[in-house]
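Below you'll find the structure, written out as structure tokens, and then a few comments.
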Amino acid sequence: MGTANFTIGHFSDTHLGYEAYPGLSASGNNQRGEDMVRAMRNVAEDIRAFDPPLVIHAGDVTERPKVDIRYMLVAQQLFTRLAEIRPDGSRRQVVIVAGNHEQPRSRKEVCWLELMSSIPGVTVVANSYQVLRFIGGQNDVPAELDGVAVHCLPHDTLKEIDFTTVVPDPSASANILVAHGVAMGSELFTRAIGREYPIDGDMLARDWDYGALGHFHKRGPVSSGRRQGMDRVWYSGSPEHVSFRDLKDNNAGKGYLRVKLQGPALEVTPVDLPIRSMFRLPVIDATGKSAEQITEQMRANLASANLTGAVVGQIVEGVTRDMWSLIDISSVRKAAKDALHYEVSARYGQAEKIQGEVGQGGGLGDLALILDEQIAVTTPVVIAEDVKRLATKLLGSVMAAGIEAPSDESSTEASGEPVAEDSAQEPLIDSVLEGVAELVTDEAAEPAPALKRAPAKKAATKKAGATKTKTAAAKKAAGTTTTKTTDEEMGA
Ligand SMILES: [Mn+2]
Numbered sequence: 001m002g003t004a005n006f007t008i009g010h011f012s013d014t015h016l017g018y019e020a021y022p023g024l025s026a027s028g029n030n031q032r033g034e035d036m037v038r039a040m041r042n043v044a045e046d047i048r049a050f051d052p053p054l055v056i057h058a059g060d061v062t063e064r065p066k067v068d069i070r071y072m073l074v075a076q077q078l079f080t081r082l083a084e085i086r087p088d089g090s091r092r093q094v095v096i097v098a099g100n101h102e103q104p105r106s107r108k109e110v111c112w113l114e115l116m117s118s119i120p121g122v123t124v125v126a127n128s129y130q131v132l133r134f135i136g137g138q139n140d141v142p143a144e145l146d147g148v149a150v151h152c153l154p155h156d157t158l159k160e161i162d163f164t165t166v167v168p169d170p171s172a173s174a175n176i177l178v179a180h181g182v183a184m185g186s187e188l189f190t191r192a193i194g195r196e197y198p199i200d201g202d203m204l205a206r207d208w209d210y211g212a213l214g215h216f217h218k219r220g221p222v223s224s225g226r227r228q229g230m231d232r233v234w235y236s237g238s239p240e241h242v243s244f245r246d247l248k249d250n251n252a253g254k255g256y257l258r259v260k261l262q263g264p265a266l267e268v269t270p271v272d273l274p275i276r277s278m279f280r281l282p283v284i285d286a287t288g289k290s291a292e293q294i295t296e297q298m299r300a301n302l303a304s305a306n307l308t309g310a311v312v313g314q315i316v317e318g319v320t321r322d323m324w325s326l327i328d329i330s331s332v333r334k335a336a337k338d339a340l341h342y343e344v345s346a347r348y349g350q351a352e353k354i355q356g357e358v359g360q361g362g363g364l365g366d367l368a369l370i371l372d373e374q375i376a377v378t379t380p381v382v383i384a385e386d387v388k389r390l391a392t393k394l395l396g397s398v399m400a401a402g403i404e405a406p407s408d409e410s411s412t413e414a415s416g417e418p419v420a421e422d423s424a425q426e427p428l429i430d431s432v433l434e435g436v437a438e439l440v441t442d443e444a445a446e447p448a449p450a451l452k453r454a455p456a457k458k459a460a461t462k463k464a465g466a467t468k469t470k471t472a473a474a475k476k477a478a479g480t481t482t483t484k485t486t487d488e489e490m491g492a
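Note that our numbering gives residue 380 to position 380 of the sequence shown, counting from 1, and the numbers run on in steps of one.
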């Protein structure tokens, strides 16, 4: 157990470059994109006020391996401010460990985070297990970090690392572990079981003074890091919601962790910072209700909530397609006008699921919802309907063929809730969207933007998206499944 006395600011999963929904900010940028920037800036400023000698970003700085340069500049500015000279003349040390989101798709590519390593005081570990050892006083390193070892496990190393080699150094004044991934013994592990390379539980249980994890957007300790009644290993959680999936984890606040080590004693204090209001309204069960009753219930749900600037989700279960087309969606949208974004997900009843047009594999169930959300995040509004139609078709045939279809168990476990980041169905949805991207590229008259994790790009596209929003969104909400557009007409 360590002998050093020092503090750490631990954060992760800032997902700069995540842009969702058509809503624009006053300056004309995607509002959610700006929300991510604001959240990271708030964390950075609060950490500066706390003034720890060591700051850890445990991965997923950005949403994608390639983000707009303006987001890189935000990261550069904030990491520079974090790695500033402190009142005592030493330089705050910043350690960044790459997550899965910024990992280049090709081994030939270099992680963009390496650009940050030229900032004095910033160390980036992107693709190998590295142990950083601090020497107090050398290169402005704060004296209280003397002899501290920081063991860094970026996301990609989890696939190949021999965890028996990841051990605390008994000669260090403290051993800090940083890793980005699914930790054995965590709630995330239970959700993602068998679908990701996990962070080994035995390794987590070793004699770490503190373990700083990233990947799970929910803040909290990990049971495999609990020793002598003390939680030594923590997820800091994301400073903002990155999708409706994160709402499941909305109980705790959002921000970062203040960590205080005094020899063997450890104190972890979560800091909550302001975020955009995002919530789901109570689920409506449409079974046995008329279209008027459902419409009325949707309006009543909206009236009961504070919608101002919020991202709001509404799930309606057990509807039939015929019934859904009768919903007075424009009056519902009018009632939701104060929200930044109002998203309706219709779930069709069991009978329709079975005879649905999506292939012999049966209904898409939760996959349809996840596909909806994924398309909302990745696809410009102007082509969202076409993408959804093609994706549904493709997904249906994939499931009918039984390839990588999630087990019944997992969809039951999810009980209709969207799943955690990177878990169960995401790879399937991702591959379907990739397939669709090819189709759209082939068929569309105008070049299709990259679909995968790519928001509407360029101001022009965004503007076009914004003007068509209502139609497309209304169509989506109205569950238009039998569109008259043929493949040949598409994109015209
Ligand atoms: Mn991640």
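Here a beta-carbon is modelled for each residue, glycine too, at the ideal position from N, C-alpha and C. All figures in this text were calculated on a predicted structure; none of them were measured in a lab.
Starting from Q262 and walking both ways along the beta strand (DSSP E), at which residues does that stretch end? Start at 1 with the first residue of the sequence shown, and residue 262 comes out as number 262. Where Q262 is concerned, the enclosing beta strand (DSSP E) stretches over G255 to Q262.
Got a list of residues with beta-carbon closer than 5 Å to any non-hydrogen atom of ligand 1, in chain order? Per the Cβ criterion, the list is D60, G99, N100 and H215.
List the whole-angstrom C-beta distance separating R81 from R48, where the pair is believed to meet the contact cut-off of C-beta under 8 Å. Taking the sequence shown and counting its residues from 1, the one referred to as residue 81 is at position 81. Taking the sequence shown and counting its residues from 1, the one referred to as residue 48 is at position 48. Yes, R81 and R48 are in contact; Cβ-Cβ is about 6 Å, under 8 Å.
Report, in whole angstroms, the separation of the C-beta atoms of A252 and M278, which I expect to be a contact under 8 Å. Working through the sequence shown from its first residue, we reach residue 252 at position 252. Working through the sequence shown from its first residue, we reach residue 278 at position 278. That pair is no contact at about 14 Å.
Within the same chain, show all residues whose beta-carbon is closer than 8 Å to that of I275, passing over the 5 residues directly before and after it, in chain order. Reading the sequence shown from its first residue, position 275 is the one you call residue 275. The beta carbon of I275 sits closer than 8 Å to the beta carbons of D35, A39, P239, E240, H241 and K254 from its chain, once the five residues preceding and following it are set aside; these are given in chain order.
With a cut-off of 8 Å on the beta carbons, I'd call V316 and A346 a contact; round off their distance for me. Within the sequence shown, the letter at position 316 stands for residue 316. Within the sequence shown, the letter at position 346 stands for residue 346. For V316 against A346, the beta-carbon gap comes to about 5 Å, under 8 Å, which counts as contact.
At a cut of 8 Å, does the region 210-228 reach the region 23-34 through at least three beta carbon pairs? no
Just to confirm, is the Cβ distance from L204 to G214 under 8 Å? Counting from 1 along the sequence shown, the entry for residue 204 is found at position 204. Counting from 1 along the sequence shown, the entry for residue 214 is found at position 214. Contact flag unset, no.
Cβ-Cβ separation, G17 to V67 (assumed contact under 8 Å), whole Å: Against the sequence shown, residue 67 aligns to sequence position 67. Against the sequence shown, residue 17 aligns to sequence position 17. By a beta-carbon distance limit of 8 Å, V67 contacts G17. Their separation comes to about 4 Å.
Determine the burial state of E343: buried for a count of at least 16 other Cβ atoms within 10 Å of its Cβ, exposed for fewer. Taking the first residue of the sequence shown as 1, we reach residue 343 at position 343. The residue is buried, with at least 16 neighbouring Cβ atoms inside 10 Å.
Leaving out the 5 sequence neighbours to the left and right, which residues in its chain are closer than 6 Å to V122 when beta-carbon positions are compared? In the sequence shown, residue 122 corresponds to position 122, counting from 1. So the list reads F79, A83, V94 and M116, once near-sequence residues are dropped.
Opening and closing residue of the beta strand (DSSP E) in which A174 lies: Residue mapping note: residue 174 aligns to position 174 of the sequence shown, counting from 1. Looking at the DSSP string, the run of the beta strand (DSSP E) that includes A174 is A174 to H180.
Does R276 come out as helix, strand or coil in the three-state DSSP assignment? Translated into the one-based positions of the sequence shown, residue 276 becomes position 276. Coil.
Nearest CA to the CA of G288: which residue from N100, A126, L390 and G349? Numbered from 1 along the sequence shown, position 288 holds the residue referred to as residue 288. For G288, the nearest C-alpha among the options comes from G349.
Taking the straight line between their C-alpha atoms, what separation do you get for T62 and L158? Counted from its first residue, the sequence shown places residue 62 at position 62. Counted from its first residue, the sequence shown places residue 158 at position 158. In a straight line, the C-alpha of T62 is about 19 Å away from that of L158.
Do you know offhand how far F216's Cα is from D162's? Counting from one through the sequence shown, the residue named residue 216 turns up at place 216. Counting from one through the sequence shown, the residue named residue 162 turns up at place 162. The C-alpha of F216 lies about 23 Å from the C-alpha of D162.
Are the CB atoms of C152 and V110 nearer to each other than 8 Å? Counting from one through the sequence shown, the residue named residue 152 turns up at place 152. Counting from one through the sequence shown, the residue named residue 110 turns up at place 110. No, they are not a contact pair.
Give every residue of the same chain whose Cβ lies closer than 6 Å to the Cβ of A149, excluding the five residues on either side of it in the sequence, and list them in chain order. Translated into the one-based positions of the sequence shown, residue 149 becomes position 149. Result list for A149: V131, R133, D169, A172 and N175, in chain order.
Suppose you measure from the CA of G313 to the CA of L302; what does that come to, to the nearest Å? Counted from its first residue, the sequence shown places residue 313 at position 313. Counted from its first residue, the sequence shown places residue 302 at position 302. Rounded to whole angstroms, G313 to L302 spans 10 Å at the Cα level.
From this set, A300, L281, V283 and R219, which residue's C-alpha is nearest R258's C-alpha? Along the sequence shown, one-based indexing puts residue 258 at 258. Of A300, L281, V283 and R219, the residue nearest in Cα terms is R219.
Run the CB neighbour count on Q31, radius 10 Å, all protein chains shown included, and call it buried at 16 or more, exposed below. What you label residue 31 is simply residue 31 of the sequence shown in a count that begins at 1. Q31 should be labelled buried.
Please determine, among A143, S330, T295 and P154, the residue with the shortest C-alpha to C-alpha distance to G59. As a working note, residue 59 is residue 59 in the sequence shown. Among A143, S330, T295 and P154, the Cα nearest to that of G59 belongs to P154.
Helix, strand or coil at F244 according to DSSP, with G and I counted as helix: What you label residue 244 is simply residue 244 of the sequence shown in a count that begins at 1. Assignment of F244 by DSSP, reduced to helix, strand and coil, places it in the helix class.
Going by other Cβ atoms of all chains shown within 10 Å of its Cβ, with 16 needed for buried, is E19 buried or exposed? Taking the sequence shown and counting its residues from 1, the one referred to as residue 19 is at position 19. Its Cβ being crowded by 16 or more others within 10 Å, E19 is buried.
Run of the alpha helix (DSSP H) containing Q103, from where it starts to where it stops: Counting from 1 along the sequence shown, the entry for residue 103 is found at position 103. From DSSP, Q103 is part of no alpha helix (DSSP H); its letter is neither H nor E.
Using a Cβ-Cβ cut-off of 6 Å (strictly less than) and excluding sequence neighbours within five positions of D442, which residues of its own chain qualify? Taking the sequence shown and counting its residues from 1, one reaches residue 442 at position 442. Residue placement at D442 is poorly supported in this model, since its pLDDT is 37, which falls under 50; the coordinates still yield a value, given next. Cβ within range, chain order: n/a, list empty.
Beta strand (DSSP E) containing V283: first to last residue? By one-based count along the sequence shown, residue 283 stands at place 283. From DSSP, V283 is part of no beta strand (DSSP E); its letter is neither H nor E.
So L247 and V43 are in contact, right, with Cβ under 8 Å, and what is the actual spacing, rounded? Residue 247 sits at position 247 when you count from the first residue of the sequence shown. Residue 43 sits at position 43 when you count from the first residue of the sequence shown. In this structure L247 does not touch V43 by the C-beta definition: roughly 20 Å separates them, more than the 8 Å allowed.
Just to confirm my understanding: we take G33, look at its own chain, exclude 5 residues before and 5 after, and list those with CB closer than 6 Å. What are they? On the sequence shown, residue 33 is found 33 positions in, with the first residue counted as 1. So the list reads E19, once near-sequence residues are dropped.
Where does E267 fall in DSSP's three states? Here residue 267 is taken as the residue at index 267 of the sequence shown, counted from 1. Strand.
Alpha-carbon spacing of D386 relative to L394, whole angstroms: Looking up residue 386 in the sequence shown gives position 386. Looking up residue 394 in the sequence shown gives position 394. Straight through space, the alpha carbons of L394 and D386 are spaced by roughly 12 Å.
Only counting the same chain, and skipping five residues up and downstream in sequence, which positions put a Cβ closer than 7 Å to that of D200? Residue numbering aside, residue 200 sits at position 200 when the sequence shown is read from its first letter. These residues qualify, in order along the chain: F163 and M184.
Taking the beta carbon of D207 as the centre, do at least 16 other beta carbons fall within 10 Å, making it buried, or is it exposed? Within the sequence shown, the letter at position 207 stands for residue 207. D207 is exposed by the Cβ-count criterion.
With 16 other CB atoms within 10 Å as the buried threshold, where does P455 fall? The residue you call residue 455 lines up with position 455 of the sequence shown. The predicted position of P455 is uncertain, since its pLDDT is 35 and thus under 50; a value taken from the coordinates is nonetheless stated next. Answer is buried; the Cβ neighbour count reaches 16.
Measuring only the C-alpha atoms, how far is E296 from I119? Counting from one through the sequence shown, the residue named residue 296 turns up at place 296. Counting from one through the sequence shown, the residue named residue 119 turns up at place 119. Spanning the two alpha carbons is a distance of roughly 56 Å.
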